[in-house]
Amino acid sequence: MDNTGISQVAEKPLITCTKCNLHQTRIKMVNGEGNILSPVFLIGEAPGQNEDIAGLPFQGQAGSILNKLLSQTSLNRSDFYIDNIVKCRPILIRNNKKENRQPTAEEIELCRDNIEQTIATGKPKAIVAMGNVALKYLLDDRSKSITKMRGQFIWSDKYQCYVYPVFHPAAILRQFEYYNVTANDFARLKQFIDNNYALPKPATTVYTLVDTPELLNQRFYHMFKYKLERNYRICNTISME
Ligand code: SF4
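Following our numbering, the residues of the sequence shown are numbered contiguously, the last one being 241.
Structure representation (structure tokens):
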């Protein structure tokens with residue numbers, strides 16, 4: 001991706017924070033990854049277990065899905081700035097085990113300055129809102145739904161760029177039929193980038209999952225493949241906008 005003549009990668013300075021209670025249970029604070037001056041940001045909701053351990057966004061199986069979506073459409077992860085609305089892992093304790101959960105409205109509010117400063121500094125051409133939490137935050141509208149809004153370029157007066165909602169990779173892990181529609185949404189994103197950040201025409205390419213056992217652990221891969229094959233006919237008949 002042409003990053004508008006910026007020859008050097010501009011890393012966001014690492015920050016630490018203790019503003020909300022999540023700092024008490026985190027292993028690592030997860031700062032953004034990549035070039036803050038990238039024309040396109042990928043923004044999710046919050047770190048999960050793998051990100052908490054690595055200190056980097058979109059690791060583990062959700063990260064593998066994101067990497068697959070990008071590589072399938074000839075996009076490079078390193079060309080994007082990748083971040084989350086909330087920087088520390090929200091957890092709940094169930095059966096003495098930590099589980100991921102969505103961030104609360106209070107946690108989002110307390111973390112707000114981080115992402116707002118990042119967007120103001122980077123001035124992206126588009127922000128890909130990955131999932132419902134990021135979509136509602138970026139459009140400042142809790143009534144918005146990722147299922148209805150995904151795949152649409154929505155102009156934001158506040159950020160002076162497009163907000164482009166797609167399903168969160170973790171949602172694809174739960175709903176396998178989301179993979180193909182999301183792959184096509186990333187194909188539209190590629191058109192947007194190739195069109196010098198002008199709105200693309202409706203996508204015509206239809207992507208389907210190829211066998212990628214190396215991406216996923218074997219147990220997960222076989223479950224994924226089984227469910228995908230079961231849904232294959234449904235996925236292939238999804239009409240593109
Ligand atoms: S989630 Fe945000 S506000 Fe809370 S401690 Fe982490 S960086 Fe600070």
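For every residue, glycine included, the Cβ atom is placed at its ideal position computed from N, Cα and C.
Fair warning: this is a prediction, and the values are worked out from it, not measured in the lab.
query                                                                                                                       : result
Simplified DSSP state of alanine 54, which is helix, strand or coil                                                         : helix
Integer Cβ distance of glutamine 59 from asparagine 50, believed to fall under 8 Å                                          : 4 Å
C-alpha gap between phenylalanine 167 and threonine 182, whole angstroms                                                    : 6 Å
Through-space distance from isoleucine 85 to isoleucine 115, alpha-carbon basis                                             : 6 Å
DSSP-derived helix/strand/coil call for asparagine 243                                                                      : This structure gives no information on residue 243, because the portion of the chain shown stretches from 1 to 241.
C-alpha gap between asparagine 96 and aspartate 157, whole angstroms                                                        : 45 Å
For serine 156, the residue or residues it bridges with in DSSP                                                             : Cys161
Own chain residues within Cβ distance below 6 Å of alanine 62, not counting five before or after                            : Pro169, Ala170
Contact the region 143 to 161 vs the region 86 to 106: 3+ CB pairs below 8 Å                                                : no
Glutamate 84 (DSSP reduced to helix, strand or coil)                                                                        : According to the sequence provided, residue 84 is asparagine. The question's glutamate does not apply to it. Looking at asparagine 84 - three-state DSSP - the assignment turns out to be strand.
Sub-9 Å separation of isoleucine 127 and tyrosine 164 beta-carbons                                                          : yes
Valine 30 in three-state terms, based on DSSP                                                                               : coil
Ligand 1 heavy atom lying under 8 Å from the CB of cysteine 17                                                              : yes
Alpha-carbon spacing of histidine 23 relative to arginine 89, whole angstroms                                               : 8 Å
Bounding residues of the alpha helix (DSSP H) (the contiguous stretch that carries isoleucine 127)                          : Here isoleucine 127 belongs to no alpha helix (DSSP H); instead the beta strand (DSSP E) covers 126 to 130.
Spatially closest choice to glutamate 109 from Cys20, Cys161, Pro39, Pro57, by CA coordinates                               : Cys20
Residues of its chain near leucine 92, where Cβ-Cβ distance is below 7 Å and the 5 sequence neighbours each way are ignored : Glu99, Arg101
Span of the alpha helix (DSSP H) around glycine 44                                                                          : Unbroken run through glycine 44 is the beta strand (DSSP E), 40 to 44; no alpha helix (DSSP H).
Those residues which DSSP pairs with isoleucine 91 across a bridge                                                          : Asn100
beta-carbon histidine 23 near ligand 2 non-hydrogen atom, thresh 8 Å                                                        : With respect to ligand 2, the structure offers nothing, as its ligand set consists of ligand 1.
Leucine 199 classed as buried or exposed, judged by whether at least 16 other C-beta atoms fall within 10 angstroms         : exposed
Alpha helix (DSSP H) segment containing arginine 174, residue limits                                                        : 169 to 174
Inter-residue CB distance, leucine 189 and isoleucine 65 (contact presumed, cutoff 8 Å)                                     : 15 Å between Cβ atoms; not a contact.
Of the listed residues Gly32, Arg77, Pro39, Gln117, nearest to lysine 87 (C-alpha basis)                                    : Gly32
Closer than 8 Å: lysine 28 CB and nearest ligand 1 heavy atom                                                               : no
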